[in-house]
Amino acid sequence: MTQPSPRFLTLEQVAEELSTSTAQIYALVRRGELPAIRLGGRGQWRVERSRLEEFIAELYDEAQQYVKDNPLTGGED
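For the sequence shown, the working numbering begins at 756 and goes up steadily by one.
Rendered as structure tokens:
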């Protein structure tokens, strides 16, 4: 039986899922682009899995809009 995914992810886990650096994820959180919470006195950040999925969906929407607004013209690879 497979174990359910954790509800909350560390910034390191988010970075791994998005194939980027922890510093990049921290920057997204600090800019308010990726919702996260801080836990405890040491201020450990956690991202709720559902918020991460919403963030990813928004990125897909933004990419789709970019492609629509910037169509390829002949001769581009």
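A virtual CB, placed ideally from N, CA and C, is assigned to each residue, including glycine. No experiment lies behind these values; they were computed from the predicted model shown.
Original post:
Are the CB atoms of Arg806 and Pro790 nearer to each other than 8 angstroms?
Top reply: yes
Original post:
Just the Cα atoms here: how many angstroms apart are Arg762 and Val769?
Top reply: 12 angstroms
**OP:** Alpha carbon to alpha carbon, how far is Phe810 from Ala818? Give it in angstroms, no decimals.
**Re:** 12 angstroms
Subject >> Status (buried if at least 16 other CB within 10 Å, exposed otherwise) for Ile792 >> reply: exposed
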